[in-house]
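Residue numbers (the numbering used here): 1365 to 1438. Backbone N, C-alpha and C fix where the C-beta goes; we use that ideal spot for every residue, glycine too.
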């Protein structure tokens, strides 16, 4: 499963939350990883947790990710 680093606050993210990714990260997901709706992705940050996510929408310059699960980093 592809992984992506994004700074986020885990306290506000629960399963079902939608994250909007823009800028360089969205271009990376669109053009390099070629993520499409329904694809899964692990997002990790600096707070000791990772997020299991699914792409819920893709537009030029924007990717929407739905949080499926919040997992501790190992």
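Nearest neighbour of residue i, chosen from the options [CA to CA]
| i | options | result |
| --- | --- | --- |
| residue 1403 | 1430, 1369, 1436, 1372 | 1430 |
| residue 1416 | 1379, 1373, 1375, 1372 | 1379 |
| residue 1435 | 1424, 1409, 1388, 1366 | 1409 |
| residue 1401 | 1426, 1377, 1411, 1412 | 1426 |
| residue 1411 | 1388, 1372, 1377 | 1372 |
| residue 1370 | 1397, 1437, 1414, 1432 | 1414 |
Own chain residues within Cβ distance below 8 Å of residue i, not counting five before or after
| i | result |
| --- | --- |
| residue 1428 | 1382, 1383, 1384, 1385, 1419, 1420, 1421, 1422 |
Helix, strand or coil at residue i [DSSP, three-state]
| i | result |
| --- | --- |
| residue 1415 | strand |
| residue 1410 | coil |
| residue 1402 | coil |
| residue 1425 | coil |
| residue 1370 | coil |
| residue 1437 | coil |
| residue 1432 | strand |
Residue burial classification, residue i (beta-carbon count within 10 angstroms, cutoff 16)
| i | result |
| --- | --- |
| residue 1393 | buried |
| residue 1368 | buried |
Chain-order list of residues whose beta-carbon lies under 6 Å from that of residue i (same chain, five-residue window excluded)
| i | result |
| --- | --- |
| residue 1365 | 1404, 1406 |
Residues near residue i by beta carbon distance below 7 Å, same chain, minus five either side
| i | result |
| --- | --- |
| residue 1389 | 1368, 1370 |
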